[in-house]
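Visitor: Submitted below is the structure of interest, expressed as C-alpha cells.
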Amino acid sequence: MARGQSAGEAHDWVTRAADDAIRHAQQRYGDDLGDHVITCASGASPSGPVHLGNLREFLTVHFVAEEIKRRGIPARHLHSWDDYDRFRKVPAGVDPSWSEHIGRPLSGVPDPWGCHESWAEHYKEPLVASLRELGVEMVEVSQTELYRAGTYREQILTAVRRRDEIEQVMARYRTKHLEGAAAAAPESEEEAAALADSVANDDESGLTGLGATDDLARFPFKPYCRDCGRDTTIITAYDETTTDLSYTCTACSYDGVTNLTTDNEGKLVWKVDWPMRWEFEGVDFEPGGVDHASPGSSYTVGKELVKLYGGRAPSFVGYSFVGAGGQVKMSSSRGGVPTAADALQILEAPVLRWLYVRRAPKQAFNVDFGAEVVRLYDEWDALGKKAGNPQKRDAQVLAFERASSTTSAGVLPTPAVVVPFKLLSSVADVTAGSAELISRIVGDVGHVHASVDELEPRLGKAMTWMSDFVPVEDRTTVRETPDAARLAALSEDEELWLRQLLDRLPDQLELESTTSLIYGVPKLARGLGLDDAPTDEVKQDQKAFFRLLYHLLVDAERGPRLPTLFLALGADRVRLLLTPPA
C-alpha cells in the first residue's frame with residue numbers, strides 16, 4: 385500500500401495503474417526518475433463520431449495521469465490523432481461519391497459537410513470541445529504532421545532494415561491470432577463487426593499484404609500513391625543502398641518510386657507503428673481495448689517489436705466496451721452513435737466522468753439516456769453527501785473526488801444549490817416553461833437560491849433531457865380544460881374529497897402545507913385530523929384520491945409528485961381543473 389493511502393484507495397484501479405506506470409518509468413530512468421516526465425498515452429483514429437466507447441480511451445489515460453500528478457510527479461497525457469490512417473468506407477448519410485476517397489489518409493479526405501478542413505478535423509473538433517468541458521487536458525499530436533515532416537524517418541529505416549526480424553515475430557503470432565479469432569465466434573452483430581474490423585486491421589498491418597516477392601509481400605512500410613494519394617499500392621522493388629521503394633498503384637495504375645531517406649509519402653504498418661511510437665515518445669502507460677491484448681493482437685506483437693527499437697512495452701490496461709441503449713459495442717463508422725457531446729447535454733461533467741472512473745476498465749457498462757438518468761443523479765447526490773464526511777472515506781468517495789476535480793482545472797462546474805434532478809425534470813415536464821419559472825417553483829418547494837445561475841448546469845440539462853430525450857408519450861400533459869364528464873360523474877366520496885381540498889386550498893401554495901393537505905383530505909373525510917396517523921381505510925382512500933387527481937389534472941394514472949404538480953400549476957389552475965360544474 386502506498387504511503388498515505390487508505391485501504392479503499394489501495395484497491396482503486398487508478399491507483400494500481402499509476403503505480404505500474406511509475407514503476408515502468410523507474411525501471412528505465414531510476415527510482416528518482418531524474419527529469420523524466422511520465423507519459424500516459426492515448427490514440428484514436430478520427431474516422432467517425434468519437435463515441436462513448438472511444439471516450440474510455442481518453443478518460444482511462446486522463447485519470448491515471450491525474451493520479452501521478454496528484455503525487456507530485458511530473459506527468460503528461462499525450463494523445464496521438466491517427467489521422468494518417470486510411471479512409472476505409474463511406475458511412476450511411478454521406479454521398480456515395482465519397483468512395484473515391486477510400487484509401488486516402490483521413491486528413492486528406494474533404495469534409496462532406498464543408499465545415500472543416502478535412503474529414504479528420506470534422507470529427508476531432510467536437511470531441512476536443514467535449515474533453516475540454518470534461519476537464520481533460522492533453523498534448524495532441526497529429527500523425528499526419530509527424531509522418532509528413534519526416535519525424536519518423538530513422539524509425540522507418542530501422543523497420544525496413546530489420547523487416548526479416550519483424551516478419552519472424554509476425555509469423556509466430558499470426559497463427560495464434562487466427563486460431564483465437566476462429567474460436568471466438570461472434571455472439572452479436574456488433575461483435576461480428578468488431579471481428580471484421582480486426583481482420584481488416586490485420587490486412588493493413590502487413591499480415592496479408594501482397595507484393596512482387598515473398599520479401600516484399602509483408603513490407604513494414606506502406607506508401608501512399610504520389611499520383612492519386614491512396615494506399616492501394618503494391619511494392620515491386622526495394623533498393624537497400626539507395627532506399628528507393630518502387631510500387632504500382634492498383635487504383636490509378638501509377639508506377640512510382642519513393643525514397644525512404646528523402647521522401648515522406650507513407651507510414652509504417654500499424655503493428656510496427658504502435659511499438660515504434662512507444663519508444664519514440666517514451667510511453668510509460670497506454671490502455672487499449674481488451675481485444676488488443678489477445679493472442680496475435682497489436683499489443684502482444686508490439687511487446688516483441690518494440691525491442692527492435694531498444695525499448696520495452698508500456699504498462700497496459702485493457703478496457704471493455706461502453707454501450708448505450710442496450711448496444712454492446714458502438715462502431716464510429718456508423719451513424720447515430722451517442723458521443724460525449726450527446727451525454728453532456730444531460731449529464732454534468734463530473735457525473736459523466738464518474739461513470740468511467742468508478743468501474744475497473746475491464747468492466748463493460750451502458751450509458752442510459754432514459755429513466756436511469758434520474759437514478760444516476762440520485763446516486764451521485766447521495767455520494768456527494770457521503771464525501772462530505774471524513775469518516776466515510778473509501779474507494780467510492782475517492783472515485784467521486786477523481787470525477788469532481790482535476791489538478792489543473794480544480795473543481796469542475798456543479799450547481800451551487802443542488803436540486804434533485806427528478807424534481808427539476810418533473811417541474812420542467814409539467815410547466816414546459818422557462819428556466820425562471822422552474823427556478824421560482826423549486827424555490828417555493830424549499831430549495832432557496834438567489835438566481836437561476838445557482839441551479840446551473842443541472843437545470844439546463846434537466847430541461848434538455850425532458851424535451852429532447854424523454855419520449856412524448858412518457859411526458860406529462862396538463863389538461864387545458866376541465867374533464868366535465870368525469871366531474872359530473874363523481875361518487876359521493878370523490879365529491880367530498882374535492883370539496884374538502886378546494887375549501888382549504890390557499891391562494892399561495894407552499895410545499896409543506898400543500899403536501900399535508902393532499903395527504904390529509906381522506907383523513908378529514910373520515911373524521912380524523914390532518915396530523916393523525918392514517919388508518920388502513922384512509923390509506924386506501926388516499927390511493928383512490930390520488931388517482932382521481934392525476935386523471936383530472938393530467939389525464940393519467942400517475943405523474944409527478946402531487947405536491948410538486950400543484951405548485952407547478954398554481955392554485956388558480958388547480959381550482960379550474962378540479963371544480964365540478966355548477
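If you're matching positions, the sequence shown starts at 385 in the numbering used here and goes up one per residue.
We put the beta carbon where it would ideally sit given N, CA and C, even for glycine.
These numbers come from a predicted model, not from an experiment.
Determine the DSSP secondary structure at Phe447, reduced to helix, strand or coil.
Guide: Phe447: helix per DSSP, three-state reduction.
Visitor: Take Ala727 and list the residues in its own chain whose beta-carbon comes closer than 7 Å to its own, dropping the five residues that flank it on each side.
Guide: Excluding residues within five positions, the ones whose Cβ falls inside 7 Å are Leu436, Leu736 and Val751.
Visitor: Evaluate contact between the segment 601-614 and the segment 537-545, counting only Cβ atoms and requiring at least three cross-stretch pairs below 8 Å.
Guide: Verdict: yes, contact present.
Visitor: Thinking just about the alpha-carbon of each residue, which of Thr860, Pro430, Leu962 and Pro679 is nearest to the one in Arg472?
Guide: Ranking Thr860, Pro430, Leu962 and Pro679 by Cα distance to Arg472 puts Pro430 first.
Visitor: Give the DSSP bridge partners of Gly672, in chain order.
Guide: DSSP lists Gly702 as partners of Gly672.
Visitor: Drop a sphere of 10 angstroms on the beta-carbon of Ser809, count the other beta-carbons inside from all chains shown, and report buried for 16 or more, exposed for fewer.
Guide: Its Cβ being crowded by 16 or more others within 10 Å, Ser809 is buried.
Visitor: Within 10 angstroms of the Cβ of Asp956, are there 16 or more other Cβ atoms? Answer buried if so, exposed if not.
Guide: By the neighbour-count rule (16 or more Cβ atoms within 10 Å), Asp956 is not buried but exposed.
Visitor: I'd like to check one pair, Gly666 with Thr423: are the Cβ atoms closer than 8 Å?
Guide: In contact: Thr423 and Gly666 (Cβ atoms closer than 8 Å).
Visitor: Taking the straight line between their C-alpha atoms, what separation do you get for Asp813 and Met847?
Guide: About 8 Å.
Visitor: Please name the residue in Arg942, Arg888, Val523 and Leu439 whose C-alpha comes closest to that of Thr860.
Guide: Answer by Cα proximity: Arg942.
Visitor: On the DSSP bridge assignment, give the partners of Trp465 in chain order.
Guide: Paired residue(s): Ala428 and Ser526.
Visitor: By Cβ distance, which residues of its chain are closer than 6 Å to Leu821, with the 5 residues on each side in sequence left out?
Guide: Only Thr815 meet the Cβ criterion.
Visitor: Starting from Ile618, follow its DSSP beta bridges and name the residues at the other end.
Guide: Ile618 pairs with Thr632.
Visitor: Keeping to the same chain, check which residues put their C-beta closer than 6 Å to that of Val445; ignore five residues upstream and five downstream.
Guide: Taken in chain order, the residues that qualify are Cys424, Ser426 and His461.
Visitor: I think Leu961 touches Leu936, with their Cβ atoms under 8 Å apart; what is that distance to the nearest whole Å?
Guide: At roughly 6 Å, the Cβ-Cβ gap stays under 8 Å, so Leu961 and Leu936 are in contact.
Visitor: Can you find the residues in the same chain that come closer than 6 Å, C-beta to C-beta, to Ser699, ignoring five residues on each side of it along the sequence?
Guide: Closer than 6 Å at the Cβ level, and outside the excluded window around Ser699, lie Asp404, Ala405, His408 and Phe669.
Visitor: For the segment 682-690 against the segment 551-559, are there 3 or more C-beta pairs whose distance is under 8 Å?
Guide: Yes: at least three Cβ pairs fall under 8 Å.
Visitor: If you count every other CB in all the chains shown that lies within 10 Å of the CB of Lys907, and 16 or more means buried, which is it?
Guide: It counts as buried.
Visitor: Report yes if the C-beta distance between Ser630 and Thr645 is below 8 Å; otherwise report no.
Guide: Against a cut-off of 8 Å, the Cβ pair of Thr645 and Ser630 comes out as no contact.
Visitor: Once the 5 residues before and after Leu946 are set aside, which same chain residues still bring their CB inside 7 Å of it?
Guide: Cβ neighbours of Leu946 beyond the five flanking positions: Ile902, Phe930 and Leu933.
Visitor: What number of angstroms, rounded off, separates the C-alpha of Val781 from the C-alpha of Arg863?
Guide: Taking the straight line from one Cα to the other gives about 45 Å.
Visitor: Strictly by DSSP, which residues pair up with Thr790?
Guide: According to DSSP, which records beta bridges pairwise, Thr790 is partnered with Gly794.
Visitor: Spatial neighbours of Thr617 within its chain, please: CB distance less than 6 Å, with the 5 preceding and 5 following residues excluded, ordered by chain position.
Guide: Pro607, Cys609, Tyr631 and Cys633.
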